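One structure is given below, encoded as structure tokens.
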Amino acid sequence: MAIKAVRGVRDILPSETGRWQRVEAAGRATFEAYGYREIRLPLFERTELFARGIGDETDIVKKEMYTFEDRGGDSLTLRPEATAGLVRSYIEHGFQVEPKPVRLYTIGPMFRYERPQAGRYRQFHQANVEALGEPSPAVDAEVVCMLMDFFQALGLDDRLALHVNSIGDAGDRAAYVARLVDYLAPHAAGLCAECQARLGRNPLRVLDCKVPECQPVIEKAPSILDSLSVDAARHFDSVRGYLDAMGQAYTVTPRLVRGLDYYVRTTFEVKTTELGAQDAVAGGGRYDGLVERLGGPADPGIGFAIGLERVVLLLGDAAAGPRPLALIIPLGDAALQRLMPVARAVRQAGVIAELGYGARKLPRELERANKLGVVYAVIAGDNELAAGEALVREMKTGEQRRVPIARLADELISLGNEGESA
Ligand code: HAM
């Protein structure tokens, strides 16, 4: 029996990688325009980093981590997210001496043992962006706008909604959780089994439940915005003011609490209605206190992660990868020898060309040209060689013209560049 990929883990096939490259390129271009630099981090860390960073009581740490002992007896975990590892690296390499904010981004796979479904996988990919060392609410607004610029660069912004909230400082949150539990406890019988368990363990997560029977109770829950300290409320007002000043539309969603314990004050999520239950395409927030909790200086931080599988799903088939301009078809070995250097020159110029290897008959090669979706087939057999020419055939119209082989590479390169700017 053939061995299959692990459940919830998928291959990203060549038919999809064009879209992935486009998404990653849009991310890099957007983040770098805002002064972010790439950092590449290990895929596994000490388990303790996540327990301390994300929080012992979160679903991620309690139920979803791939944790194992290595041969030396250390407990290691495949990273379920990137923020904890990035902060570990920030502290380890003394980034705090650099001009603030220190702006970093990283792109790569994360691992969570969740129930797989459309848009949710056990190995998935994030683009993760973090600004460290700057407490100003202007950074919160700037980071959120950058996230929306990324979606705009991909033409997706019209299909997405930005939700923002403030969950206050740790003290505000404790006061709110007490109020929330007071409200929820008498309604416990009306909640799903999962929420009844959350009530004792992590009551904030009840607000995030999608089970229909819980909605009437959740809708009437007290708002966290009424529990904010004066400072936290002022911070949130400023964030909203800056978002307004930048013309960035958003909805304030007091139920937006996020699933990781390190957040304080600003939290945000970008949602779609097009992917069913897995509606969050990106999420993030401020995490002042995390750097200190992981043994570093008292530097604040804010950032987000984009779920790349979900972005690629939204892009759909319309955004398939680049197609080759031409299939170059030598008929026989002499023609192959003349056309191989032409193909090389065209490819060196960055124009995508496919090459036949001389042995297949013309109808087979033309069939292949159709399947590849090339714009041109370039054909040369013994007769054309004798005249020093090749036939350039436009696949759509079937029109053919003769081009001297000496000029063929230049001709194809300029056709390729025209197509690109069209
Ligand atoms: P998160 O909300 O856990 O935040 O994940 C961010 C995004 O990753 C989600 O909105 C979703 O698009 C995607 N995602 C999460 N789990 C899965 C999954 N199993 N399959 C597919 N996509 C998934 C964080 O990870 C924080 N570290 C974000 C952050 C950075 N906060 C501050 N800095």
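According to my numbering, the residues represented by the sequence shown are 458 to 879, in order. Just so it is clear, CB atoms sit at the ideal spot from N, CA and C, and this is done for glycine as well. From a predicted model like this one, the values you see are computed outputs, not experimental measurements.
Tell me whether the beta-carbon of residue i lies closer than 9 Å to the beta-carbon of residue j.
i    : j    : result
Y562 : F488 : yes
L747 : A588 : no
Q609 : E538 : no
E521 : Y570 : yes
V768 : L613 : yes
P594 : S684 : no
L842 : L812 : no
L788 : A837 : yes
E481 : I564 : yes
C602 : L732 : no
L829 : P781 : yes
I681 : P660 : no
L872 : R858 : no
V799 : I759 : no
V586 : V596 : no
A645 : L637 : no
A826 : I786 : yes
G741 : L604 : yes
Y720 : R750 : no
P592 : D745 : yes
L823 : A810 : no
R479 : L772 : yes
L793 : L865 : no
R722 : F761 : no
F607 : A689 : no
What does a CB cutoff of less than 8 Å around residue i pick up in its chain, not counting 5 residues either side in sequence?
i    : result
E676 : none
K853 : V832
S686 : G625, D626, G628, D629
R536 : L498, P499, L500, F501, E502, F507, G542, M567, F568
I517 : F507, I511, P537, E538, R569, G716, L717
E856 : R850
C671 : G647, L648, C649, C652, V663
D531 : R503
T515 : N659, G716, L717, D718
A844 : R859
Exposed or buried, what is residue i when buried is set at 16 or more other beta-carbons lying within 10 Å of its beta-carbon?
i    : result
Q805 : exposed
R528 : exposed
Y814 : exposed
V803 : buried
D919 : The requested residue 919 does not occur in the structure, where the chain is confined to residues 458 to 879.
D718 : buried
P556 : exposed
V463 : exposed
F581 : buried
R697 : buried
E505 : exposed
D639 : exposed
D756 : buried
E766 : buried
G807 : exposed
R616 : exposed
V554 : exposed
G752 : exposed
Apart from the five residues just before and just after residue i, which ones in its own chain have a Cβ nearer than 7 Å to its Cβ?
i    : result
L434 : The question about residue 434 has no answer here: the residues shown for the chain are numbered 458 through 879.
F525 : L533
Identify, in the order they occur along the chain, each residue of the same chain with its Cβ nearer than 6 Å to the Cβ of residue i, setting aside the five sequence neighbours on each side.
i    : result
A618 : K728
Q735 : G576, R577
F887 : Only positions 458 to 879 of the chain appear in this structure, which leaves residue 887 out of reach.
V668 : C649
G590 : K557, P558, V559, D756
DSSP three-state call for residue i: helix, strand or coil?
i    : result
I511 : helix
N585 : strand
Q420 : The structure shown has nothing for residue 420, since the chain only spans 458 to 879.
R859 : strand
E526 : strand
E538 : coil
G760 : strand
L765 : helix
L533 : strand
G740 : strand
H620 : strand
G565 : strand
E521 : coil
E549 : helix
V668 : coil
L784 : strand
R723 : Reading off the sequence, residue 723 comes out as Thr, not Arg. If DSSP states are grouped into helix, strand and coil, T723 belongs with the strands.
A806 : coil
Is any heavy atom in the ligand NAD found nearer than 8 Å to the beta carbon of residue i?
i    : result
G764 : The ligand NAD is not among the ligands present in this structure, which contains only the ligand HAM.
Say whether chain B places a C-beta atom closer than 9 Å to the C-beta of residue i.
i    : result
R691 : In the displayed structure, chain B is absent; only one protein chain is listed.
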